[in-house]
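Taken in order, the sequence shown gives residues 25 to 616; the numbers are from my numbering.
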Amino acid sequence: MRVLRSSLDLPILKTRPKNLHLLLLLISFPGSLWAAESLRQDLNINRDWKFKLDDYPGGEAISFDDSTWSAINLPHSFDLPYFMSKDFYVGYGWYRKHLEIKPDWASKRVSVEFEAAFQDAEVYINGTRIGEHKGGFTGFSMDITSAIHPGDNVLAVRLNNNWNAQIEPRSGDHTFMGGIYRDVHLVVTDPLHVTWYGTFVTTPHVSENSATVNIKTEITNESAAAKNCVLTTDILDPDGRSVARLSSTQQIDAGATVTIDQTSPTIASPKLWHPAHPFLYTAVTTVSNGTTPVDDYKTTFGIRSIKWTADQGFFINGEHFYFHGANVHQDHAGWADAITDYGAWRDVKLIKDAGLDFIRGSHYPHHPAFADACDKLGVLFWSENCFWGMGRGKKEGSWMTSDAYPPNPDDQGPFEQNALDTLRDEIRIFRNHPSIIVWSMCNEVFFSDNQNKVKGLLTKLVDETHQLDPTRPAAIGGCQRGGLDKLGDVAGYNGDGATLFMNPGIPSAVSEYGSHISDRGDAKTDLYDGQFNKKELNADTPEYPWRSGQSLWCAFDYSTVLGHFGCMGFVDYFRIPKRSWYWYRNQYLHIP
Numbered sequence: 025m026r027v028l029r030s031s032l033d034l035p036i037l038k039t040r041p042k043n044l045h046l047l048l049l050l051i052s053f054p055g056s057l058w059a060a061e062s063l064r065q066d067l068n069i070n071r072d073w074k075f076k077l078d079d080y081p082g083g084e085a086i087s088f089d090d091s092t093w094s095a096i097n098l099p100h101s102f103d104l105p106y107f108m109s110k111d112f113y114v115g116y117g118w119y120r121k122h123l124e125i126k127p128d129w130a131s132k133r134v135s136v137e138f139e140a141a142f143q144d145a146e147v148y149i150n151g152t153r154i155g156e157h158k159g160g161f162t163g164f165s166m167d168i169t170s171a172i173h174p175g176d177n178v179l180a181v182r183l184n185n186n187w188n189a190q191i192e193p194r195s196g197d198h199t200f201m202g203g204i205y206r207d208v209h210l211v212v213t214d215p216l217h218v219t220w221y222g223t224f225v226t227t228p229h230v231s232e233n234s235a236t237v238n239i240k241t242e243i244t245n246e247s248a249a250a251k252n253c254v255l256t257t258d259i260l261d262p263d264g265r266s267v268a269r270l271s272s273t274q275q276i277d278a279g280a281t282v283t284i285d286q287t288s289p290t291i292a293s294p295k296l297w298h299p300a301h302p303f304l305y306t307a308v309t310t311v312s313n314g315t316t317p318v319d320d321y322k323t324t325f326g327i328r329s330i331k332w333t334a335d336q337g338f339f340i341n342g343e344h345f346y347f348h349g350a351n352v353h354q355d356h357a358g359w360a361d362a363i364t365d366y367g368a369w370r371d372v373k374l375i376k377d378a379g380l381d382f383i384r385g386s387h388y389p390h391h392p393a394f395a396d397a398c399d400k401l402g403v404l405f406w407s408e409n410c411f412w413g414m415g416r417g418k419k420e421g422s423w424m425t426s427d428a429y430p431p432n433p434d435d436q437g438p439f440e441q442n443a444l445d446t447l448r449d450e451i452r453i454f455r456n457h458p459s460i461i462v463w464s465m466c467n468e469v470f471f472s473d474n475q476n477k478v479k480g481l482l483t484k485l486v487d488e489t490h491q492l493d494p495t496r497p498a499a500i501g502g503c504q505r506g507g508l509d510k511l512g513d514v515a516g517y518n519g520d521g522a523t524l525f526m527n528p529g530i531p532s533a534v535s536e537y538g539s540h541i542s543d544r545g546d547a548k549t550d551l552y553d554g555q556f557n558k559k560e561l562n563a564d565t566p567e568y569p570w571r572s573g574q575s576l577w578c579a580f581d582y583s584t585v586l587g588h589f590g591c592m593g594f595v596d597y598f599r600i601p602k603r604s605w606y607w608y609r610n611q612y613l614h615i616p
């Protein structure tokens, strides 16, 4: 997590108080809102963009005339305003923005960081092509230092949401609208600095009495000379009090990137993260060049342990925990996918207020603010890669009719690389969130003719997950067909898989049940009694001791290429609860 990364953080004073008495009061009061001025600058640049649909040769040029383009702010979708239509624009859109580069940044490194853009983004500075990112659900960072100058600069993004045989997902029950639909930041650092999402915090020992914290910090030296790097990490408890300080020294050669591994001494009586008490700690990282501090970085994390078992279900902090949850798509009425941080918070809060404690992020990596909200509100989170299938035909060229895995051999290598790249970015971005208890590789990818290739890719994804994060299992989501369920560590069974795979001999959960189309206010459909489909799990099914939990399909109505098929939520598209939401609240919180 960045310093001052999102609006979900408490407000922090941005200027030093002139009154010394006030300063002393603020810095001496535990949990105060005072924070020293950050050594790195992290600037939200969502405001004052220009946008126009279609493709415009030369749109990256400084002199390009964008005076007739729409003035917009981010987050933004090609289809705003949007209200659940199955039809959406597919093609190109251009974004342009003027950036003021300060003269004192001449010795700094400057990057532009996108939290996501759907789905093929070409980024330009002052007419120079900086790079391209393929994939619509994960963030990316691009260094623009070599292309900027003091004063006015032009950032341009050529974006398209064309269906692409080599980019996941190739098919899915959703709409895939273009847009820079999450936040964008300008980040200014010293050449010696923590890399993009460069910390990895784990808790190798956890009990009620004690815990240890391990922090791996990736630091790069983008200067022309070797640096004597001193890394200091302060661990703050949920009340802002320091419980450990770690210090390491290492020389880093010019152009090199290193990972420094630190483990805390034993922390007595830790406040454990749990859905009932979601306590959060903070690791404050300071990077010094010799004795001079040059960079800082903040990482929020939780102290907790998890265990998935085949015969006794799921455990958190050594205690058995059967979770009840719902699947969540990210889009909202009016906004489409271009939701605000608070929109993500509201979604998680609606789940929590219904008495549920688990969310499956269907079926792609979600907004960083969404994971923040799960951490803070105490909701377990199943984070999923966007390898996704839908059984609507075998014709290439659209998200409705294409196989999950490409049939054309020329597309298979690039597609597998894209799936691996998306997984790696997802894990790097979200690995410090205590709410995340599993990484899911896919959803219903048995909708593909080439099952051997599908199994081979899933095996690669599982192996990569074990390398990138040994602390969490790899799940196969929607694995009720095709013999896929035992390729990973956890099986997620959708629909009738809940009854087809009884006590399957592998850690498992019901990743989807319900699938009930309803309209808010309709006397016939807007009433849930736990008995939608006798062939599937329902809310009154016994909680078998070997099963870890169950997740409703789905929490919110969502947009889809299948039209009204998306009206399956217990909350409608405008985030107004249907009667079934109140049924769940009564079932789990006993609120009539």
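Cβ atoms here follow ideal geometry from the backbone N, Cα and C, with glycine treated the same way.
Report the three-state DSSP secondary structure of residue 90 (helix, strand or coil).
coil
Less than 7 Å between C-beta atoms, sequence neighbours within five positions excluded: which residues of the same chain meet that for residue 140?
Excluding five sequence positions before and after residue 140, the CB atoms of its chain that fall closer than 7 Å to its own CB belong to 160, 161, 162, 163, 205 and 206, given in chain order.
What beta strand (DSSP E) runs, 3 residues minimum, are completely inside the segment 430-513?
460-464 and 498-501
contact_flag[the segment 376-390, the segment 573-590] where n(CB pairs < 8 Å) is 3 or more:
Counting Cβ pairs under 8 Å, three or more are found: they touch.
Complete beta strand (DSSP E) runs within the segment 394-433 (minimum length 3 residues, chain order)
The DSSP assignment places 404-408 as complete runs of the beta strand (DSSP E) inside the segment 394-433, in order along the chain (cut-off: 3 residues).
Do residue 307 and residue 278 have their C-beta atoms within less than 7 Å of each other?
no
In chain order, what residues of the same chain lie with their CB nearer than 7 Å to the CB of residue 272, ignoring the 5 residues before and after it?
Cβ neighbours of residue 272 beyond the five flanking positions: 255, 284 and 286.
Any idea what DSSP makes of residue 41, helix, strand or coil?
Residue placement at residue 41 is poorly supported in this model, since its pLDDT is 38, which falls under 50; the coordinates are not used for a value here.
Going by Cα to Cα distance, which pick from 268, 503 and 574 is closest to residue 4?
Outside the shown range of the chain, which is 25 to 616, sits residue 4, and nothing can be said about it.
Do residue 525 and residue 466 have their C-beta atoms within less than 7 Å of each other?
no
Which partner residues does residue 337 have in the DSSP bridge list?
Partner(s): 333.
Would you kindly work out how many angstroms separate the C-alpha atoms of residue 201 and residue 238, rounded to a whole number?
40 Å
Is residue 209 helix, strand or coil by DSSP?
strand
Any contact between the segment 112-129 and the segment 177-185? By contact I mean 3 or more CB pairs, one from each, below 8 Å.
yes
Spatial neighbours of residue 588 within its chain, please: C-beta separation below 8 Å, excluding the five flanking residues on both sides.
541
Which term fits residue 250, buried or exposed, when burial requires 16 or more other beta carbons within 10 angstroms of its beta carbon?
With a threshold of 16 other beta carbon atoms within 10 Å, residue 250 falls short and is exposed.
As assigned by DSSP and simplified to three states, the class of residue 187:
coil
Exposed unless 16 or more other CB atoms sit within 10 angstroms - verdict on residue 453:
buried
Cβ separation of residue 470 and residue 506, assumed to be a contact under 8 Å, to the nearest whole Å:
Residue 470 to residue 506, Cβ: 3 Å. Contact.
Pick out the complete beta strand (DSSP E) segments inside the segment 204-274, 3 residues or longer, and give them in chain order.
208-213, 216-230, 234-245 and 251-260
Return the chain-ordered list of same chain residues with a C-beta closer than 7 Å to the C-beta of residue 516, the five sequence neighbours on each side being excluded.
464, 499, 500, 501, 502, 503, 533 and 535
Give a yes or no on whether the C-beta atoms belonging to residue 165 and residue 337 are separated by under 7 Å.
no
Of all the options 153, 330, 90 and 614, which has the alpha carbon lying nearest to the alpha carbon of residue 297?
Answer by Cα proximity: 330.
N- and C-terminal bounds of the alpha helix (DSSP H) containing residue 114
Counting along the chain, residue 114 falls outside any alpha helix (DSSP H), and DSSP gives it neither H nor E.
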